[in-house]
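Below is one structure, written out as structure tokens; comments come after it.
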Amino acid sequence: MRISTLILLLLTTISCQPKNKSDKQDITHKEQLENSLVIKPTADQLQEYETAYFASGCFWCVEAIFESVKGVKEVYSGYSGGTEKNPTYEQVSYGKTHHAEAVEVHYDPNVISFTQLVQVFFGSHDPTTLNRQGPDRGAQYRSIAFYKTDGEKNIIQDYIDKLETENVYGDRPIVTEVKPFEKFYMAEEYHQDYEKRNPNNSYIRNVSIPRLNSFKKNFKSYLKENVH
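Count along the sequence shown starting at 1, add 9, and that's the number in the numbering used here.
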């Protein structure tokens with residue numbers, strides 16, 4: 010068997026989605042107890058920052074990417090894009106809602122612009138794969154760029170038009186949804202800063218960290234000073 014085939018088989022067995030209920034229990038109980046608490050900024054501390062919302066696959070990966078970007082104060086993992094109220098990880102990850110795994114980005118517009126965040130979004134995932142990102146499959150992992158104003162909508166659409174005009178993805182069409190932001194539901198506490206707190210997790214080692222490193226290689230000028 011060729012090495013490339015072996016790698017493909019390995020990645021298809023590693024997913025952000027729990028394979029069964031026992032896997033889910035391992036994550037929600039064992040890892041939650043083992044993880045140390047992460048001190049997050051208070052709401053008052055975040056008042057001076059703007060917010061942006063994106064979905065591009067497993068939120069463990071997406072959170073880590075945006076947290077490496079200069080001008081970003083905090084990133085939260087959660088759920089958005091659907092209609093169901095107060096969704097849980099089990100409901101979303103098993104495709105039982107219309108929500109996608111998403112992130113809420115708190116950023117300083119004096120340091121990083123919404124346009125640049127949109128560039129980070131498109132530059133850190135494949136927007137041409139429908140309902141899939143890497144080994145994660147299902148509408149809960151679809152690509153969505155949310156907007157809160159007409160100005161943000163125009164920025165997103167203009168950038169998509171630019172990518173398509175320049176044939177950045179060849180003949181593969183961009184399938185990213187451009188949706189008005191409605192509601193963001195915070196994910197369970199143990200999902201926050203998941204990559205930092207679980208560096209030895211097989212998914213983190215084989216999918217999340219390589220994805221982050223690829224982004225850092227291509228967006229060096231966007232990185233925080235302490236990110237290498």
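Don't be surprised by glycine CBs; every beta carbon is placed ideally from N, CA and C.
Just so it is clear, the structure is predicted and the values come from calculations on it, not from any experiment.
What separation, rounded to the nearest whole angstrom, lies between the Cα atoms of residue i and residue j?
{"i": "Asn44", "j": "Trp69", "result": "Legend: pLDDT at Asn44 = 47, less than 50; position of this residue unreliable, value from coordinates given subsequently. For Asn44 and Trp69, the distance between alpha carbons rounds to 15 Å."}
{"i": "Glu186", "j": "Ile164", "result": "14 Å"}
{"i": "Tyr231", "j": "Asp202", "result": "20 Å"}
{"i": "Ile183", "j": "Pro136", "result": "5 Å"}
{"i": "Arg151", "j": "Gly66", "result": "6 Å"}
{"i": "Glu59", "j": "Cys25", "result": "28 Å"}
{"i": "Tyr98", "j": "Tyr194", "result": "11 Å"}
{"i": "Lys105", "j": "Gly90", "result": "13 Å"}
I need the DSSP call for residue i, collapsed to helix, strand or coil.
{"i": "Val187", "result": "strand"}
{"i": "Arg141", "result": "strand"}
{"i": "Ile121", "result": "coil"}
{"i": "Ala154", "result": "strand"}
{"i": "Val240", "result": "Past the edges of the chain, shown from 10 to 237, lies residue 240, and the structure says nothing about it."}
For the ligand SAM, I want to know if residue i counts as a neighbour, meaning its beta carbon is within less than 7 Å of at least one of the ligand's heavy atoms.
{"i": "Thr138", "result": "Absence of the ligand SAM is noted for the structure shown, with no ligands found whatsoever."}
Comparing alpha-carbon positions, which option in the options lies nearest residue i?
{"i": "Gly80", "options": "Ile153, Phe224 and Phe123", "result": "Phe123"}
{"i": "Asp180", "options": "Gly132, Thr138 and Pro144", "result": "Thr138"}
{"i": "His134", "options": "Gly104, Pro118 and Asn227", "result": "Asn227"}
{"i": "Lys233", "options": "His200, Ile121, Tyr62 and Ala64", "result": "Ile121"}
{"i": "Lys188", "options": "Tyr199, Arg206, Asn209 and Phe155", "result": "Phe155"}
{"i": "Lys157", "options": "Phe130, Glu191 and Ile169", "result": "Glu191"}
Would you mind giving the Cβ-Cβ distance between residue i and residue j, rounded to the nearest angstrom? I have them listed as a contact below 8 Å.
{"i": "Tyr88", "j": "Glu110", "result": "7 Å"}
{"i": "Val112", "j": "Glu72", "result": "5 Å"}
{"i": "Ser115", "j": "Glu93", "result": "The sequence as given places His at residue 115; Ser does not occur at that position. The Cβ separation is near 25 Å, so there is no contact."}
{"i": "Ile153", "j": "Ala64", "result": "4 Å"}
Counting contacts by CB-CB distance shorter than 8 Å, is residue i in contact with chain D?
{"i": "Arg206", "result": "Annotation note: the requested chain D is absent from the structure, which comprises a single protein chain."}
For the beta strand (DSSP E) containing residue i, name the first residue and the last one.
{"i": "Lys82", "result": "Val81 to Ser89"}
{"i": "Val71", "result": "Careful: Val71 lies outside any beta strand (DSSP E), inside the alpha helix (DSSP H) at Phe68 to Glu76."}
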